[in-house]
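**Student:** Input: one structure, supplied below.
Okay, here's the thing in structure tokens:
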């Protein structure tokens with residue numbers, strides 16, 4: 015037996031006396047409740063487990079399972095223990111009330127029923143139960159949030175610990191790096207000082223050797239002239255004098271190269287101005303006239319040169335060494351082509367100025383990749399058996415070009431000559 019659906023809540027009346035049920039059922043339905051009825055304790059338990067009403071009105075004195083036993087059974091099950099139970103009884107003694115409260119009852123109403131009292135007690139306990147459920151749900155949510163927060167805090171603490179370890183490690187590395195930087199700076203200063211001392215020493219030694227070599231060369235030339243104007247001299251003496259002149263000239267060339275090499279690093283202020291490249295090349299070809307004639311070299315120059323700035327004496331030495339090498343190590347006979355080109359606008363130096371590429375192409379045998387790497391290293395000679403030399407020429411070129419803010423390079427393939 016049940017009422018129509020209502021909004022205030024669902025009530026279950028467990029009572030074996032039809033008159034009591036009839037009275038309660040009518041005014042509770044009129045008050046807006048949905049009302050279910052069970053006629054004994056066993057039926058009441060089954061309905062409760064199936065429907066889960068919002069509140070139970072339970073009669074104490076019933077055949078079979080009395081109200082106390084029904085209450086005890088319902089409160090012992092997880093699904094039904096939180097449903098509020100109001101006992102209905104004509105018993106007014108305190109012992110029975112205490113017994114009911116101990117079993118988990120929420121309240122008592124006495125027979126005969128006072129409708130207003132019943133409505134107030136029913137409404138109050140339904141609201142209390144709803145609030146309790148809401149509080150329980152909030153408590154569970156808070157517990158979940160608390161657990162989540164705990165996990166996040168734990169994770170954050172672990173991340174903080176890891177970051178602290180990383181920071182300590184970085185600090186240690188930073189300290190080591192700072193110490194290493196200071197050490198490298200100290201070594202760099204010491205190395206720079208030693209290089210300056212070495213340059214100064216090389217400059218002094220080379221300068222001191224220059225005059226004696228000039229004297230030796232001059233005396234050897236005089237002896238050769240004397241031998242050519244006097245009576246015949248043994249050929250071995252003439253040959254020895256020629257070797258002396260050639261050797262002294264070679265030593266003089268080495269001394270000049272060392273002086274130039276030392277001067278590059280020692281010179282701090284350069285007179286940079288527009289270059290008269292045609293005039294510079296004219297000076298170079300005059301200096302190399304004997305070598306050019308000896309190797310029957312052909313030197314091809316462009317009709318016009320692009321405007322470029324630099325330090326003319328050093329630029330002359332660059333061309334001198336390139337052409338000298340081209341004559342000695344180029345084809346047979348050497349054919350040297352010189353040229354220049356403006357680089358594109360995206361190929362500029364650190365000051366934003368357009369760069370000019372100057373080049374010389376020979377018809378030599380070409381270079382292997384390994385030879386190209388070693389080409390600009392001081393005292394390196396790639397062809398030991400072809401021509402006498404001291405291996406300083408292209409290393410001087412490299413230092414001069416870099417001192418002037420440029421770069422050197424070579425493009426070469428075996429059997430196809432080289433482009434410097």
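Numbering (the numbering used here), first residue to last: 15 to 434. All C-beta atoms in this analysis are idealised placements derived from N, C-alpha and C, irrespective of residue type, glycine included.
(1) Count the other CB atoms within 10 Å of the CB of residue 399; is the residue buried (16 or more) or exposed (fewer)?
(2) Near residue 143, which residues of its chain fall below 6 Å by C-beta distance, leaving aside the five closest residues on each side in sequence?
(3) Where does residue 128 sit, in a helix, a strand or coil, going by DSSP?
(4) Alpha carbon to alpha carbon, how far is residue 135 from residue 39?
(5) With 16 as the cutoff for other CB atoms within 10 Å, does residue 343 come out buried or exposed?
(6) Give me, in chain order, the residues of the same chain whose beta-carbon lies closer than 6 Å to that of residue 352; leave out the 5 immediate sequence neighbours on both sides.
(7) If I follow the unbroken beta strand (DSSP E) through residue 73, where does it start and stop?
(8) Is there contact between the segment 47-56 and the segment 67-84, where contact requires at least three CB pairs shorter than 8 Å?
(9) Can you name the start and end residues of the beta strand (DSSP E) that residue 50 belongs to?
(10) Between the C-alpha atoms of residue 402 and residue 283, what's the straight-line distance to the nearest angstrom?
(11) Pick from 305, 322, 357, 325: whose alpha carbon is nearest that of residue 340?
(12) Thinking just about the alpha-carbon of each residue, which of 432, 145, 325, 348 is nearest to the one in residue 381?
(13) Taking the alpha helix (DSSP H) that residue 63 falls in, what are its first and last residues?
(14) Look at the Cβ atom of residue 62, then the Cβ atom of residue 26, and state whether they are nearer than 8 Å.
(15) Is residue 430 buried or exposed, if buried means 16 or more other CB atoms sit within 10 Å of its CB?
(16) Nearest-angstrom Cα distance between residue 376 and residue 391?
(17) Quick one: Cα of residue 226 to Cα of residue 413, how far?
(18) Given a cut-off of 8 Å on the beta-carbon distance, is the pair residue 125 and residue 103 in contact?
**Tutor:** This is what the structure gives:
(1) Mapped onto the chain shown, residue 399 falls at position 385. Its pLDDT being 45, under 50, residue 399 is placed unreliably in this model, and the coordinates cannot settle the point.
(2) Residue mapping note: residue 143 aligns to position 129 of the chain shown, counting from 1. Cβ within range, chain order: 98.
(3) If you number the chain shown from 1, residue 128 lands on position 114. Coil at residue 128, not helix or strand.
(4) Reading the chain shown from its first residue, position 121 is the one you call residue 135. Reading the chain shown from its first residue, position 25 is the one you call residue 39. Those two C-alpha atoms are separated by around 15 Å.
(5) Start at 1 with the first residue of the chain shown, and residue 343 comes out as number 329. By the neighbour-count rule (16 or more Cβ atoms within 10 Å), residue 343 is buried.
(6) If you number the chain shown from 1, residue 352 lands on position 338. If we look at residue 352 and ignore the five residues flanking it on each side, its Cβ neighbours are 315, 374.
(7) For the purposes of this step, residue 73 is taken as residue 59 along the chain shown, with counting starting at 1. Element bounds for residue 73: 69-73.
(8) yes
(9) Along the chain shown, one-based indexing puts residue 50 at 36. Run containing residue 50: 48-52, per the beta strand (DSSP E) assignment.
(10) Reading the chain shown from its first residue, position 388 is the one you call residue 402. Reading the chain shown from its first residue, position 269 is the one you call residue 283. Its pLDDT being 49, under 50, residue 402 is placed unreliably in this model, and the value from its coordinates should be taken loosely. Roughly 34 Å separates the two Cα atoms.
(11) The residue given as residue 340 occupies position 326 in the chain shown. Nearest option by C-alpha distance: 305.
(12) What you label residue 381 is simply residue 367 of the chain shown in a count that begins at 1. Nearest C-alpha to residue 381: 432.
(13) In the chain shown, the residue the question calls residue 63 occupies position 49. 55-65 is the extent of the alpha helix (DSSP H) around residue 63.
(14) In the chain shown, the residue the question calls residue 62 occupies position 48. In the chain shown, the residue the question calls residue 26 occupies position 12. Yes, the pair counts as a contact, with Cβ atoms nearer than the cut-off.
(15) Position 416 of the chain shown, counting from 1, holds the residue named residue 430. Classification of residue 430: exposed, given that the 10 Å Cβ count is below 16.
(16) If you number the chain shown from 1, residue 376 lands on position 362. If you number the chain shown from 1, residue 391 lands on position 377. Each residue's Cα considered, the two are about 20 Å apart.
(17) On the chain shown, residue 226 is found 212 positions in, with the first residue counted as 1. On the chain shown, residue 413 is found 399 positions in, with the first residue counted as 1. So the two alpha carbons sit approximately 28 Å from each other.
(18) Stepping through the chain shown from its first residue, residue 125 is reached at position 111. Stepping through the chain shown from its first residue, residue 103 is reached at position 89. Contact flag set, yes.
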